[in-house]
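**Q** The sequence shown lines up with residues 4 to 409 when you count with our numbering. We put the CB at the ideal spot given by N, CA and C, even for glycine. Take this structure, written in structure tokens, and hold onto it; I'll ask about it next.
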Amino acid sequence: MVYAFRLLIISNSDNFRTRLVDWAGILGLSVKAIGFAPELPTALEAHGFDWVVLDLDMGQDAAFEAVEGLARTGARLFLVGADEVALAAARAAAALNGLEVAKAASGPLSMEELGEVVARRTAPSPGLAHGAAHGAAGGDLAAAPILESGAGIPEDEVEVHYQPLMCFQTGRALGVEALVRWRHPVHGLLSPSRFIALAERNGSIVPLTWTVLRHVVRQHAAWKKAGITLAVSVNVSALFLAALETAEALLDLLRDEGFDPRELTLEITETEAARNPPLANALLRRLRDSGVAVAMDDYGVGFSTLQRLKLFPFSNLKIDRWLVADLASDPQAQRTVRMLVALGQEQNFTLTGEGIETEEQWRILRDLGCDYGQGYLIARPMPAQDVATWLVAKTGATTRPSLAPC
């Protein structure tokens with residue numbers, strides 16, 4: 004799944020991280036929360052963050068080291084600390100390292116203060132060029148005139164690209180993830196990072212999701228006619244799950260187009276599902292009972308306890324790309340992923356590693372017992388017409404019909 008905005012939280016307090024991650028989910032932000040470690044500056048270079056909340060209670064030396072590491076990201080800083088002296092010192096360190104301190108708060112941080120991040124997220128930061136390549140930028144000025152007016156994206160300007168998922172054990176492609184693009188008449192092809200946040204804000208994300216689903220079922224039928232059987236996964240938001248009739252409407256769409264529900268996976272983040280647990284649970288269980296698979300899209304980034312995993316009818320768990328990015332350089336990331344894979348296997352979940360960009364990441368995930376891989380190492384998202392060519396060139400064959408164990 005592609006997020007609209009990246010927020011990094013650095014704190015050694017579990018309570019602080021937990022509280023801010025929950026708030027960030029409510030505010031529609033993509034968030035990663037980590038503690039300070041000596042390897043932090045190196046790890047930060049691999050990511051593009053728009054804002055960083057830095058908890059100064061980790062200690063002055065650690066905070067200064069974090070600021071120095073953040074200098075390479077160009078992100079905006081949000082400093083939090085009860086000690087005014089520490090705040091002033093951190094501001095000075097940021098200035099020396101060429102970083103903008105856009106906000107500083109003494110005392111407990113409020114959700115309203117964090118909400119200011121959302122209000123400012125359309126303004127690009129110096130570090131955004133790297134983040135945008137990973138789908139991390141905020142709302143885009145090209146999209147604003149249409150979406151802020153309350154209108155949605157015209158259906159004839161919506162395109163769907165597809166990124167393959169590959170089996171670690173066999174090297175065969177088992178399915179694709181559908182990723183929306185906007186063919187803007189003036190600005191060309193826009194990635195989701197440039198319009199999804201705005202679509203969420205004005206409610207047009209729901210009709211946009213239906214447009215994507217219609218594209219998917221039509222393309223699925225075209226592939227089948229050509230002898231290609233692929234499972235397809237589609238990202239959905241909490242707004243899409245806000246009405247119980249959504250389940251029946253989706254099943255009707257699949258039925259009308261001859262789409263086997265077992266070949267569809269809906270991806271949703273744990274945070275999105277938790278916005279209205281009873282309603283989301285009822286709707287997703289209705290779909291799962293009809294054959295549609297449900298995947299947790301941010302496994303390992305939220306608070307994926309066994310109780311949480313059992314609360315919703317997940318069958319697939321997608322290990323977040325931020326954990327995958329650190330696998331080769333961070334022993335803690337490897338330990339975390341090993342634990343996540345073990346928990347998933349114990350509960351008979353299918354596991355997919357996202358954001359694989361290197362052979363080393365592929366090898367580690369394979370050896371840890373992951374089922375599927377997805378990322379630029381395998382293939383970048385591509386137009387539908389290129390999928391068949393890629394299948395022949397990459398695997399020498401078409402695929403099996405569903406994301407069954409490979």
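Check whether the region 366 to 376 touches the region 198 to 218, taking contact to mean three or more Cβ pairs, one atom from each stretch, closer than 8 Å.
**A** These segments do not touch.
**Q** If I measure Cβ to Cβ from I359 and keep anything under 8 Å in the same chain, skipping five residues before and after, which residues do I get?
**A** Here the question's residue 359 lines up with position 356 in the sequence shown. Around I359: V327, W365, L368, G376, Q377, G378, Y379, L380 and I381.
**Q** Residues in its own chain within less than 6 Å of E103 by CB, not counting five upstream and five downstream?
**A** As a first step, residue 103 must be located in the sequence shown, where it is residue number 100. Hits under 6 Å: R79.
**Q** Return the residue from the list K397, S113, Y165 and A69 that minimises the CA-CA distance to P384.
**A** Stepping through the sequence shown from its first residue, residue 384 is reached at position 381. The shortest Cα separation from P384 among K397, S113, Y165 and A69 belongs to Y165.
**Q** Going by C-alpha distance, which of T214, S236, D17 and A234 is nearest P157?
**A** Counting from one through the sequence shown, the residue named residue 157 turns up at place 154. Minimum Cα distance to P157 is reached at T214.
**Q** State whether the region 10 to 20 contacts the region 55 to 66, with contact taken as three or more CB pairs (one from each stretch) at a distance under 8 Å.
**A** Touching, per the Cβ criterion.
**Q** Measure how close the beta-carbons of T272 and N319 come, nearest whole angstrom, since I'm counting them as under 8 Å.
**A** Your numbering for residue 272 matches position 269 in the sequence shown. Your numbering for residue 319 matches position 316 in the sequence shown. Not really, about 13 Å apart at Cβ, beyond 8 Å.
**Q** Check the DSSP bridge columns for I156 and list the partner residues they point to.
**A** As a position in the sequence shown, residue 156 is number 153, starting the count at 1. DSSP output for I156 lists no bridge partner at all.
**Q** Decide yes or no for the touch test of the region 231 to 249 against the region 187 to 194: beta carbon pairs closer than 8 Å, at least 3 of them.
**A** No, because fewer than three Cβ pairs between the region 231 to 249 and the region 187 to 194 fall closer than 8 Å, the two stretches do not touch.
**Q** Relative to the alpha-carbon of I208, which residue among I231, R184 and G230 has its alpha-carbon at the smallest distance?
**A** Along the sequence shown, read from residue 1 onward, the residue named residue 208 stands at position 205. That would be R184, whose Cα lies nearest to the Cα of I208.
**Q** Determine the direct distance from the alpha carbon of G347 to that of R341, and round the result to whole angstroms.
**A** Numbered from its first residue, the sequence shown carries residue 341 at position 338. Numbered from its first residue, the sequence shown carries residue 347 at position 344. The alpha-carbon atoms of R341 and G347 are separated by roughly 10 Å.
**Q** Keeping to the same chain, check which residues put their C-beta closer than 6 Å to that of A27; ignore five residues upstream and five downstream.
**A** For this step, residue 27 is matched to residue 24 along the sequence shown. Hits under 6 Å: L10 and V34.
**Q** Out of D374, V395 and L314, point me to the one whose CA is closest to L168's CA.
**A** For the purposes of this step, residue 168 is identified with residue 165 of the sequence shown, where counting begins at 1. Comparing Cα positions, the closest option is D374.
**Q** Excluding sequence positions up to five away, which residues of its chain have a Cβ less than 8 Å from the Cβ of T339?
**A** For this step, residue 339 is matched to residue 336 along the sequence shown. Result list for T339: G303 and L326, in chain order.
**Q** Is the CB-CB distance between V163 and L182 below 8 Å?
**A** What you label residue 163 is simply residue 160 of the sequence shown in a count that begins at 1. What you label residue 182 is simply residue 179 of the sequence shown in a count that begins at 1. Yes. Within cutoff.
**Q** Per DSSP, what kind of secondary structure is E435 in: helix, strand or coil?
**A** No statement about residue 435 is possible, as the shown extent of the chain runs from 4 to 409 and does not include it.
**Q** Between H223 and the rest of its own chain, which residues show a CB-CB distance below 8 Å, the 5 nearest in sequence each way excluded?
**A** Position 220 of the sequence shown, counted from the start, is the residue given in the question as residue 223. Contacts found: L233, V235, E260, F262 and E266.
**Q** May I have the straight-line CA-CA distance separating L90 from R288, to the nearest angstrom?
**A** In the sequence shown, counting from the first residue as 1, residue 90 sits at position 87. In the sequence shown, counting from the first residue as 1, residue 288 sits at position 285. Distance between the alpha carbons of L90 and R288 is about 48 Å.
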